[in-house]
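Protein chains in written order, with the working numbering: chain X, 6 to 118; chain Y, 2 to 113. The beta carbon of each residue, even a glycine, is placed where N, CA and C say it ideally should be. Note sheet for the following structure.
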């Protein structure tokens, strides 16, 4: 049981480049989330999904897009990276309901120059 | 609307001393409250969760937290700090039809 995995672990982009972060979970969870973590700001929700084929905006969605074509995968895309998107990105999943524990991946450290 | 306030972004304790990390919440619905721990270069993992079954919640690694509705608090404690407790701790609040909201975190330093 791998839990939640994230690819890649590190990435450096130039301003304007695009990239996709992949999150995969093998726990058959319905809910999946993308967060960004910045010093002194805790975790902020970017987008989330309550099931295959559905996505919704979180607290800070601008500049990001997501897709959930398969239940086990949740992709986060940056179409035109900006320095303000330099952050550590975490994916999480949970059994259906906001009242349940979230299981987190190890994170992706992204630097945009 | 809901929010979480963690008092103190950094807390230092001596090894063997009491650990107290403070969390106050605001919620318009009966809250579910969580404490997560993040070790360096890792994701968050659940320490404990309050779901209204009992006000004193015991978690992993000897941690516990007490829900006090009158004080809107959910402070995390451990009687005796260990070097391995050095990490960042996040309080979070949720509720029916509410997304989880995380606090800004408290970094715990344990001094030998």
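Query raised in the report: Should residue 64/X be labelled buried (16 or more other beta-carbon atoms within 10 Å of its own) or exposed?
Result: exposed
Query raised in the report: For the region 97-114 of chain X against the region 11-27 of chain X, are there 3 or more C-beta pairs whose distance is under 8 Å?
Result: yes
Query raised in the report: What does residue 111/X touch in chain Y if you count any residue whose Cβ is under 9 Å from its own?
Result: 42, 43 and 44
Requested in this report: Note down, in chain order, all residues in the region 22-48 of chain X with a beta-carbon under 7 Å from any beta-carbon belonging to chain Y.
Outcome: 45, 46, 47 and 48
Query raised in the report: Would you call residue 19/X buried or exposed, if buried means 16 or more other Cβ atoms sit within 10 Å of its Cβ?
Result: exposed
Query raised in the report: On the three-pair Cβ rule with 8 Å, is the region 25-40 of chain X touching the region 48-56 of chain X?
Result: yes
Query raised in the report: Would a check of beta-carbon distances place residue 107/X closer than 8 Å to chain Y?
Result: yes
Query raised in the report: Residues in the region 88-112 of chain Y with C-beta within 8 Å of chain X's C-beta atoms, listed in sequence order?
Result: 91, 95, 96, 97, 98, 99, 100, 101, 103, 104, 105 and 106
Query - Chain-ordered neighbours of residue 57/X on chain Y, where CB pairs are closer than 7 Å - result: Ordered by position in chain Y, no residue passes the 7 Å Cβ test against residue 57/X, which lies about 19 Å from the chain.
Query raised in the report: Any beta-carbon of chain Y closer than 8 Å to the one on residue 79/X?
Result: no
Query - Straight-line gap, residue 14/Y to residue 76/X (C-alpha atoms, nearest Å) - result: 43 Å
Report task. Name the one or two DSSP bridge partners that residue 61/Y has. Result -> Per DSSP, none; premise fails for residue 61/Y.
Report task. Measuring only between beta-carbons, confirm whether residue 52/Y sits less than 8 Å from chain X. Result -> yes
Requested in this report: Count the CB pairs spanning the region 17-28 of chain Y and the region 83-93 of chain X that are closer than 8 Å, and state whether there are at least three.
Outcome: no
Report task. Mind checking the region 15-35 of chain Y against chain X and listing, in chain order, the residues whose C-beta falls within less than 9 Å of any C-beta there? Result -> 33 and 35
Report task. State the start and end residues of the unbroken beta strand (DSSP E) segment that holds residue 7/Y. Result -> 3-8
Query raised in the report: What whole-angstrom Cβ distance do residue 39/Y and residue 47/Y have, given they're in contact under 8 Å?
Result: So it is not a contact: roughly 11 Å between Cβ atoms.
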